[in-house]
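Reminder that position 24 of the sequence shown reads as 432 in the numbering used here, one-by-one numbering, no gaps. Quick reminder that beta carbons are idealized off the backbone N, C-alpha and C, glycines included. For reference, the structure discussed in these notes is given below.
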Amino acid sequence: MGCRLVGINFLRRCVSPSLIEDRRSDTTPWDAGSYQPALKEVLDDKALALPTECRALVPGCGRGYDAILIAKTLSLETLGIDVAPTAIAAAQE
């Protein structure tokens, strides 16, 4: 078993079963079908001088909206991770 799979299995054991069940039943109130507007506002604020030459990690990325926004806005190599199998499948669509 590779390191990546071991890490994912460990994270799944740490996450509340009800959280993963919510993802399976499609009752995810935080999934509005798009990126978080507050994140867009922060990324668009030029006064913050956000980095443009590094990598970004978006834990609990769900369908990946925020990860895609970060990658496109800041031109960063961005990795989104999630432990819920249905979120992973949805992000791969």
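Proximity below 8 Å, CB of residue i to CB of residue j
i	j	result
residue 448	residue 477	yes
residue 470	residue 495	yes
residue 486	residue 497	no
residue 499	residue 472	yes
Buried or exposed (CB count within 10 angstroms, at least 16 for buried), residue i
i	result
residue 466	buried
residue 491	buried
residue 488	buried
residue 475	buried
Residue interval of the beta strand (DSSP E) (run including residue i)
i	result
residue 446	Note, residue 446: premise wrong, no beta strand (DSSP E); alpha helix (DSSP H) at 445-452.
First and last residue of the uninterrupted alpha helix (DSSP H) at residue i
i	result
residue 499	493-500
Assumed close pair residue i, residue j - CB separation to whole angstroms, cut-off 8 Å
i	j	result
residue 482	residue 456	Actually they are not in contact, since the Cβ atoms of residue 482 and residue 456 sit about 11 Å apart, beyond 8 Å.
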